[in-house]
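Heads up, the thing below is written out as structure tokens.
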Amino acid sequence: MRALCVLWYILFLGVFIFQGNADPVEDKQALLDFVNNLPHSRSLNWNESYPVCNHWTGVTCSEDESRVIAVRLPGVGFHGSIPPNTLSRLSALQILSLRSNGISGFFPDDFFKLKNLSYLYLQFNNFFGPLPSDFSVWKNLTIVNLSNNRFNGTIPYSLSNLTQVVALNLANNSLSGEIPDLQLHNLQMINLSYNYFTGPIPKSLLRFPSSVFAGNNVSYQTSPPDASPVVAPPGEPKPKSKNAGKVHEVVLWGIIIACSALGIVAFASFIAVCIVRVNKRDELPRKLRKGDMSPEKAVSRNQDANNRMIFFEGCSNYAFDLEDLLRASAEVLGKGTFGIAYKATLEDATNVVVKRLKEVSVGKRDFEQQMEIVGSIRHENIVDLKAYYYSKDEKLMVYDYYSEGSVSSMLHGRKEEDRNPLHWDTRIRIAIGAARGIARIHAENSGKLVHGNVKSSNVFLNSQRYGCVSDIGLATIMSPLATPISRAAGFRAPEVMDTRKATQPSDVYSFGVVLLELLTGKSPIHTTAGDEIVHLVRWVHSVVREEWTAEVFDLELLRYPNIEEELVEMLQIALSCVVRMPDQRPKMADVVTMIENVRRIDP
1 MRALCVLWYI LFLGVFIFQG NADPVEDKQA LLDFVNNLPH SRSLNWNESY
51 PVCNHWTGVT CSEDESRVIA VRLPGVGFHG SIPPNTLSRL SALQILSLRS
101 NGISGFFPDD FFKLKNLSYL YLQFNNFFGP LPSDFSVWKN LTIVNLSNNR
151 FNGTIPYSLS NLTQVVALNL ANNSLSGEIP DLQLHNLQMI NLSYNYFTGP
201 IPKSLLRFPS SVFAGNNVSY QTSPPDASPV VAPPGEPKPK SKNAGKVHEV
251 VLWGIIIACS ALGIVAFASF IAVCIVRVNK RDELPRKLRK GDMSPEKAVS
301 RNQDANNRMI FFEGCSNYAF DLEDLLRASA EVLGKGTFGI AYKATLEDAT
351 NVVVKRLKEV SVGKRDFEQQ MEIVGSIRHE NIVDLKAYYY SKDEKLMVYD
401 YYSEGSVSSM LHGRKEEDRN PLHWDTRIRI AIGAARGIAR IHAENSGKLV
451 HGNVKSSNVF LNSQRYGCVS DIGLATIMSP LATPISRAAG FRAPEVMDTR
501 KATQPSDVYS FGVVLLELLT GKSPIHTTAG DEIVHLVRWV HSVVREEWTA
551 EVFDLELLRY PNIEEELVEM LQIALSCVVR MPDQRPKMAD VVTMIENVRR
601 IDP
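In this text, residue positions in the sequence shown follow full-length UniProt numbering: the first is 1, and each later residue adds one.
Written out as structure tokens, the structure reads:
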């Protein structure tokens, strides 16, 4: 009898352990069926042999890891229609983000099975056809963004059944007819601009600014509102608090961030001085608490005076606001072309990089538009912009902190102990990753986006040890580039010295300088033992011209056998990037292909 009890105990314990660590098998198969039947250009680590929870890119599970509750796959390069009976099998799904892909076809009919869906982001795809006729099946929907597609037909009146919805974006589609009187009392943000709506604007929507109806043939029964009170959706999935919309009137906080310049500074203090403006009483946003941010950016665009941190999708692991940054201890990481970068350590020990911009030449609207473009880019070889802050006196950008430092510090650390010797394999990965990141940047904004500040101090290593570029897209919002001094002149293309304007070909030139740094181990501008100032590009040209090519390469690289041919190929690629005439430089996408052909180091 005792033996039988022990057997039952073992069996029970085994089942308990198995269930506690089991994969959500059915959800896993649904995701595999989805990704295997929808072509995509970006690889995903969705391997059947790996557990889903905490391993698969873009997938979040419930706390007990029994179900998939979030799928975030922006910018993966999906194209074609969503395969039926795939995502719809994720019955516990709460968040679905497939924005910025090339998905086409009708809105999936079987999505009505996703009854727990709270956040839906399908913007910037190629969906067409009518909107779902019955929105009432998604009673928990809080944020809906279907903008920048090709949806047509009318707005179904069933949208009025979404009593929890706080944000609705249907802009830039082909919707028509009259706008229904939706009577959505929790609605705080709406955008119906650039469709084909006609008729009067219903009374329930007259509280929103005229800009959200722009590009339509609609009329006001009364004069349109002058202000632009587009309020941020609350962070809670189900905002039911009676005080959720209230804010306290206080004076406007300003920021003056400075750094102590005394002695040997390992850690400097982040100094924040609150400037009291007696003559202006403005609203200060409530503090963001842990878990208080929605998956989409928490943004308020009330008035210029009502400034707050603006977070982008995917920042739900952050739990800080402007006041937290003011209190944070900080260390100066470096002073760059566009401002000073700080490592800020928050009270919960989270480390972030805060870049304080200088000489911003555009107004708030243009600044925010550029931040929207930069913040929407999600790529494994681009450092994500997590948040930004804009006020009259301060412009801040917040990024993840990379503990290993930049490629520049790895190559040119002042002290031997500060340097991490870079193997040739690592240098190739840095080159491939940085090239892929810049190529992706050049493809954004209809192929018009420019990095504008490519240099090794803006290249980091991602978790796969590939290059990852930061500090993108600032050239268009900053004052014209000043005449570079010292090492800044080393990575800028010759034409930028004259025009003070960065372009995609000048990005290619700067990337070529980064390649030369990886190959030579030398800074773009360095001095010899005799204090002679040496320009890296000119020096490499002179050495190659004298046919002493072997002397170009970093001595650390010469320790590795059988890489001579790869070194020479990479040198040729770098030299093709740094030719003087911009139109003779290769496109960044071609540079990626050339580097990948030097050595195939990933599948």
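Don't be surprised by glycine CBs; every beta carbon is placed ideally from N, CA and C. If you're wondering where the values come from, they're calculated on a predicted model, not measured in any experiment.
query, result
"Inter-residue CB distance, residue 586 and residue 508 (contact presumed, cutoff 8 Å)", "7 Å"
"Delimiting residues of the beta strand (DSSP E) encompassing residue 331", "329 to 335"
"Within 8 Å, strictly: CB atoms of residue 120 and residue 141", "yes"
"Neighbour-count burial assignment, residue 425, 16 or more Cβ in a 10 Å radius", "exposed"
"Helix, strand or coil at residue 577 [DSSP, three-state]", "helix"
"Strand pairing of residue 508, partner residues [DSSP]", "For residue 508, which the question treats as bridged, DSSP gives no partner whatsoever."
"Residue from 413, 46, 493 and 357 whose Cα sits closest to the Cα of residue 339", "357"
"Residue 387 - DSSP class collapsed to helix/strand/coil", "strand"
"Between the CA atoms of residue 322 and residue 514 - distance to the nearest angstrom", "35 Å"
"For residue 343, the three-state DSSP class (helix, strand or coil)", "strand"
"Short Cβ contact (8 Å threshold) for residue 214 with residue 194", "yes"
"C-alpha distance - residue 33 paired with residue 150, whole-angstrom precision", "26 Å"
"DSSP-derived helix/strand/coil call for residue 76", "coil"
"Residues near residue 112 in its chain [Cβ-Cβ closer than 6 Å; skip 5 each side]", "137"
"When 558, 126 and 382 are compared against residue 400, the one with the closest alpha-carbon", "382"
"Closest residue to residue 389 among 408, 412, 409 and 365 (Cα-Cα distance)", "365"
"Range covered by the alpha helix (DSSP H) that runs through residue 411", "407 to 412"
"Neighbourhood of residue 378 by C-beta, 6 Å cutoff - its chain only, sequence neighbours within 5 removed", "74 and 75"
"C-alpha distance - residue 466 paired with residue 202, whole-angstrom precision", "53 Å"
"Check whether residue 479 and residue 359 have beta carbons under 8 Å apart", "yes"
"Identity of the residue in 354, 380 and 328 nearest residue 336 by Cα", "354"
"Range covered by the beta strand (DSSP E) that runs through residue 396", "395 to 400"
"CB of residue 404 within 8 Å of CB of residue 461, strictly", "yes"
"Where residue 545 falls, given that 16 or more other Cβ within 10 Å makes a residue buried", "exposed"
"Pairwise C-alpha distance: residue 110 and residue 28", "18 Å"
"Nearest residue (CA-CA) to residue 409, options 372, 457 and 435", "457"
"Euclidean distance between Cα positions of residue 212 and residue 579", "48 Å"
"Beta-bridge partners of residue 130, as assigned by DSSP", "152"
"The segment 487 to 505 in contact with the segment 569 to 576 per 3-pair CB rule at 8 Å", "no"
"Residues bridged to residue 60 [DSSP beta-bridge criterion]", "70"
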